[in-house]
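Some notes on the structure that comes next.
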């Protein structure tokens with residue numbers, strides 16, 4: 004008889020546990036990270052009745068890992084798309100963009116050419132120049148604010164990541180203690196741990212290793228550990244060693260030193276999206292805006308100096324521009340610094356919208372690497388001169404001066420145009436200072452390009468006649484005038500000219516693009532020109548700059564800006580398409596995960612009825628046993 008009672012009681016207990024599990028599922032239907040539980044029943048060891056073998060958590064590690072990876076990619080693309088859309092909207096704005104302002108500026112030059120002495124046309128030119136430079140500064144300011152915003156977001160994300168890794172290490176410890184006490188870990192702790200891994204994956208891509216099927220070990224894609232058992236390792240937001248204005252991820256090595264992680268270490272999650280956007284789009288756009296500003300300023304200044312103002316003086320620099328920036332690596336052994344960085348106006352067509360990394364080898368020679376494509380410049384693409392006390396390095400349209408010979412392994416970060424637009428301004432406020440008339444008369448058949456006048460050129464008022472032979476020999480009349488070749492003294496008697504050399508005579512500079520044919524001689528004559536108030540020759544030349552290939556020697560200003568807008572627009576579209584595709588995959592994996600681990604209210608409602616009947620049936624067994632037992636006792640009486 005006691006067996007019937009035991010069977011009924013075991014059924015009641017099993018039904019009670021199943022009802023508790025079902026009600027727990029229903030209560031947590033909207034709890035993030037909750038995994039549905041099942042009551043696993045089995046025959047009692049006493050071969051009578053039923054027992055609860057396990058409250059099983061419905062969790063598929065394989066599906067969870069796939070979902071975490073997809074969520075990490077989706078989060079990165081969503082962050083990237085949110086950031087790049089801001090730049091796309093800024094550049095493509097028909098009213099606030101640079102394209103209409105540059106068009107207005109050159110239109111005002113057309114008005115000036117029509118009435119070179121008219122105060123209204125001159126004031127109109129200064130007004131459009133001020134508006135244009137202000138917009139360049141505004142663009143740079145907006146992009147720089149985005150740089151600072153990303154720095155702040157990276158710091159916030161690192162704080163959140165550190166909090167999560169600390170919680171994961173704590174959960175590893177609590178789960179281990181629970182296993183030691185009862186042999187099994189509470190499902191609630193396991194759910195919390197898996198949910199933390201999912202949330203961490205949305206912030207950065209990580210690698211999960213399950214140690215002995217129990218403890219979770221978390222590491223970065225490069226193997227740097229974040230969680231190892233009950234220990235966690237903190238990341239730190241730090242200044243980039245080569246750029247103090249840039250925030251990157253760092254960690255403490257075994258010696259306690261803070262080491263910067265390469266920026267491409269993390270590609271997934273919010274952190275990865277921010278860093279990828281900064282490296283691929285934000286830096287590039289800021290450099291392109293700077294390159295456009297420098298090309299306009301240098302080209303326009305060169306032409307303006309070839310003009311004559313209403314006072315009869317040579318034209319001054321019309322625009323000012325921010326100079327290149329150079330940063331030395333804090334671990335440089337030599338202690339040699341870059342004392343100055345400036346644009347090489349003679350080779351400004353070599354200027355590119357990219358940053359550079361310079362590293363000196365054991366022979367004391369520099370290796371210069373473009374950061375946009377990772378390619379090193381060839382030996383013929385830079386010029387390094389060291390005179391024993393100081394050095395000068397020229398490449399890519401800029402010149403760097405060093406206060407000594409850098410040691411082997413010394414590194415430098417060069418940003419030629421990153422912040423150039425931030426300091427762009429119009430230098431002229433006096434209407435009479437606009438050089439609309441011609442200052443220099445040039446004639447002859449010598450093949451030259453890049454004609455420009457230095458400040459205070461032709462101060463003696465002399466005219467010069469140059470003859471260039473096919474062997475590169477040069478004669479200058481009148482004799483005795485100082486001649487420079489590539490910035491150094493040139494001996495007309497003994498030295499020869501080569502193609503590509505830049506010559507300068509009394510402040511008038513030009514580049515030799517070709518030597519005369521065999522047996523022939525080329526001539527070049529230049530000197531001061533007479534100019535009056537109605538002279539518009541230089542105004543016309545300045546207006547024609549809009550059709551010149553000022554940007555990198557191959558694009559006009561409008562073409563370069565249009566290419567930049569198109570590039571950002573195409574990249575924005577690609578990111579949106581990739582985001583939609585990745586989000587679709589993420590949604591599919593979520594559906595798979597929910598089909599296995601999610602709570603279905605209809606199914607749980609059916610289970611409630613089923614387990615209620617189960618409970619009532621076992622109660623009936625006990626009631627029947629009690630009736631039989633009472634009947635047997637009554638027979639005895």
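Residue numbers (our numbering): 4 to 640.
Ideal Cβ placement from N, Cα and C applies to all residues, glycine included.
In or out: residue i buried (at least 16 other Cβ within 10 Å) or exposed?
i	result
residue 514	buried
residue 84	buried
residue 542	buried
residue 619	exposed
residue 33	exposed
residue 204	buried
residue 480	exposed
residue 287	buried
residue 247	exposed
residue 508	buried
residue 500	buried
residue 600	buried
residue 221	buried
residue 511	buried
residue 350	buried
residue 384	exposed
residue 591	exposed
residue 485	exposed
residue 333	exposed
residue 229	buried
Can you check whether the CB of residue j is closer than 9 Å to the CB of residue i?
i	j	result
residue 441	residue 322	no
residue 99	residue 561	no
residue 132	residue 431	yes
residue 297	residue 423	yes
residue 452	residue 397	no
residue 42	residue 25	yes
residue 240	residue 71	no
residue 447	residue 469	yes
residue 175	residue 226	no
residue 438	residue 311	yes
residue 285	residue 146	yes
residue 292	residue 108	no
residue 56	residue 44	yes
residue 313	residue 129	no
residue 58	residue 20	yes
residue 414	residue 331	yes
residue 11	residue 617	no
residue 531	residue 464	yes
Compare the C-alpha of residue i against each of the options and name the closest.
i	options	result
residue 245	111, 359 and 500	359
residue 641	11, 248, 77 and 12	Only positions 4 to 640 of the chain appear in the structure, and residue 641 is not among them; the question remains open.
residue 223	433, 51 and 75	75
residue 160	208, 21 and 145	208
residue 662	343, 416 and 277	Only positions 4 to 640 of the chain appear in this structure, which leaves residue 662 out of reach.
residue 355	116, 409, 421 and 343	421
residue 340	409, 118, 242 and 139	409
residue 169	370, 71, 202 and 234	234
residue 249	197, 278 and 460	278
residue 529	89, 564 and 467	467
residue 621	137, 39, 127 and 52	52
residue 585	450, 81 and 36	81
residue 459	150, 400 and 317	317
residue 444	385, 534 and 149	534
residue 29	635, 58 and 603	603
residue 455	126, 307, 290 and 338	307
residue 2	400, 68 and 120	An answer regarding residue 2 cannot be provided, because it is not within the stretch 4 to 640 covered by the chain.
residue 329	40, 166, 419 and 92	419
residue 242	258, 264, 257 and 577	264
residue 449	519, 489, 476 and 495	519
residue 187	213, 217 and 196	217
If I'm right that residue i touches residue j with Cβ under 8 Å, what's the distance once you round it to whole angstroms?
i	j	result
residue 261	residue 238	About 11 Å separates the two Cβ atoms, so there is no contact after all.
residue 87	residue 280	6 Å
residue 353	residue 143	The Cβ separation is near 22 Å, so there is no contact.
residue 345	residue 327	7 Å
residue 8	residue 625	6 Å
residue 206	residue 273	5 Å
Exercise. Per the contact definition of three or more C-beta pairs closer than 8 Å, is the segment 397 to 405 in contact with the segment 495 to 510?
Worked result: no
For this session: Answer yes if the segment 548 to 563 comes into contact with the segment 294 to 313, meaning at least three C-beta pairs across the two stretches below 8 Å, and no otherwise.
Result: yes
Exercise. Would you call the segment 52 to 70 and the segment 566 to 576 in contact, with 3 or more CB pairs under 8 Å?
Worked result: no
Exercise. Quick one: any contact between the segment 112 to 124 and the segment 379 to 393, if contact means 3 or more CB pairs under 8 Å?
Worked result: Verdict: no, contact absent.
For this session: Check whether the segment 12 to 25 touches the segment 603 to 620, taking contact to mean three or more Cβ pairs, one atom from each stretch, closer than 8 Å.
Result: Enough Cβ pairs lie closer than 8 Å, so yes.
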